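Participant: Everything in the sequence shown is counted per our numbering, starting at -16 for the first residue and increasing by one.
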Amino acid sequence: MIKITDKRDCCGCAACVQCCPKRCISLREDEEGFLYPDVNIEECIDCHLCEKVCPWIDRPDKQQPLEVLAVKNRNDEERMASSSGGVFILLAKKVIERGGVVFGAVFSVDCLCHGVPSPGIWRRYLHEAVGGADYKDQITGIEFRNKYLGGWKNFSFLITGKTNDENKVLYSETHGKNAYMRGFLSNLYLRPSCYSCKSKNGASHSDLTLADFWGIDVISPDVYDDKGVSLIIVSSEKGKSLLYSLDVDVYESSLVVAKTMNGAFKEKTVSHPKRKKFFEQFDKCSSVIKLIEDNSKPTFKIRLRNKINYLNQKMIKFKR
């Protein structure tokens, strides 16, 4: 039976809920707005399936990648509509063309993850940003990484919705100005397991890992454009075969460069020093946007870490 004694040991994937033959596991929200499994002990038959599928309990060995690449979708329209280089849409199309679906176990694809924000914070933010109890009915689309306003590097947060039966932009800000994105990117309200993530540094065991190739403008200006460039880590022959069947431009790179340019590959997320204070005030605050703004200002330590990362990118270019 799945037991969560330390919230850092649950990533909220819900695999335990999905596999339970008795349907006696449900997800319940805690005081921070995160979901955790709750077992109906009376109906549990101790089959241990929930423990076998838990990615935090069953950890395979780390794997070394076959290739590390910079990749761009040749279709600029698809690339602009994507978060980075527009590779996932091509992978999905290819799998569907072969009669498959976008989930399963034949090909596995993961993304370098910044972290999982609190669903409770997200609901409060939307309610305040869009306004009204019927905010869900108003919204028709949300983009966390819109490129049309500021490009790939200076991406925007965008909400579209219906106003007088017309679809319009309800809310739009660059990520540096938007309160929700600032709180997210500063690690203010991420899931506890993100701060002790076990899927870093080659431990995800997917065929392909997708990410943003941040810093490509510094080390390879000829490859860079502000429509987006993907970092692809190839970890299996079948993943390699699938990638090279796509209509993409491919540029060779290295694992050293990948680790330097995108710290999410190897580094666990560092908890914001004001995280505890933020959640203590969350239920009592009248404005979650103001609460985020008051607590998400970058500390000296964060500014120093960002500066060091930038200098590391410069050093990589010099060594090349």
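Don't be surprised by glycine CBs; every beta carbon is placed ideally from N, CA and C. Just so you know, these numbers come straight off a predicted model, no measurement behind them.
On the three-state DSSP scale, how would you describe Ser182?
Facilitator: Coil.
Participant: According to DSSP, is Asp148 helix, strand or coil?
Facilitator: Assignment of Asp148 by DSSP, reduced to helix, strand and coil, places it in the coil class.
Participant: Taking buried to mean at least 16 other C-beta atoms within 10 Å of its own C-beta, is Val152 buried or exposed?
Facilitator: exposed
Participant: With 16 other CB atoms within 10 Å as the buried threshold, where does Asp205 fall?
Facilitator: Result: exposed.
Participant: What residue range does the beta strand (DSSP E) around Cys94 cover?
Facilitator: Val92 to Cys94
Participant: What's the C-alpha gap between Lys(-14) and Tyr108?
Facilitator: Rounded to whole angstroms, Lys(-14) to Tyr108 spans 31 angstroms at the Cα level.
Participant: Using a Cβ-Cβ cutoff of less than 6 angstroms, which residues in the same chain neighbour Lys(-10) once the five nearest sequence positions on both sides are dropped?
Facilitator: Pro175
Participant: Between the C-alpha atoms of Ser187 and Ala75, what's the straight-line distance to the nearest angstrom?
Facilitator: 20 angstroms
Participant: Could you check whether Cys27 and Met316 sit closer than 8 angstroms to each other, using their CB atoms as the reference points?
Facilitator: Residue 316 lies beyond the range of the chain shown here (-16 to 303); nothing can be said about it.
Participant: Taking 8 angstroms as the cut-off, does the stretch 266 to 279 touch the stretch 215 to 225 (at least 3 CB pairs, one atom from each stretch)?
Facilitator: no
Participant: Give the DSSP-derived three-state secondary structure of Glu276 in the structure shown.
Facilitator: helix
Participant: For Gly159, which option in Cys180, Ile202, Asp41 and Trp135 has the closest C-alpha, if you only look at C-alpha atoms?
Facilitator: Trp135
Participant: Would you list the residues sitting across from Thr192 in a DSSP beta bridge?
Facilitator: Asp93 and Ile216
Participant: Flag this pair as touching only if the stretch 29 to 43 and the stretch -4 to 5 have three or more C-beta atom pairs under 8 angstroms; answer yes or no.
Facilitator: yes
Participant: Tell me whether the beta-carbon of Leu52 lies closer than 8 angstroms to the beta-carbon of Asp230.
Facilitator: no
Participant: For Asp208 and Asp266, I'd like the C-alpha separation in whole angstroms.
Facilitator: 43 angstroms
Participant: Identify every residue that forms a DSSP beta bridge with Ile8.
Facilitator: Val22
Participant: In the DSSP output, which residue or residues are listed as bridge partners for Gly124?
Facilitator: Under DSSP, the beta-bridge partners assigned to Gly124 are Thr143.
Participant: Assign Ala247 to one of three DSSP states: helix, strand, or coil.
Facilitator: helix
Participant: What whole-angstrom Cβ distance do Lys251 and Ser189 have, given they're in contact under 8 angstroms?
Facilitator: Lys251 to Ser189, Cβ: 18 angstroms. No contact.
Participant: In whole angstroms, what separates the C-alpha of Gly144 from that of Asp120?
Facilitator: 9 angstroms
Participant: Here's the rule: buried if 16 or more other CB atoms are within 10 angstroms of the residue's CB, otherwise exposed. What is Tyr172?
Facilitator: Taking all protein chains in view, the Cβ of Tyr172 is crowded by 16 or more other Cβ atoms within 10 Å, so the residue is classified as buried.
Participant: Assign Glu25 to one of two classes, buried (16 or more other C-beta atoms within 10 Å of its C-beta) or exposed (fewer than that).
Facilitator: exposed
Participant: Is the beta carbon of Thr157 closer than 8 angstroms to that of Asn170?
Facilitator: Inclusion of Asn170 and Thr157 in the CB contact set at 8 angstroms is not warranted, their separation being larger than that value.
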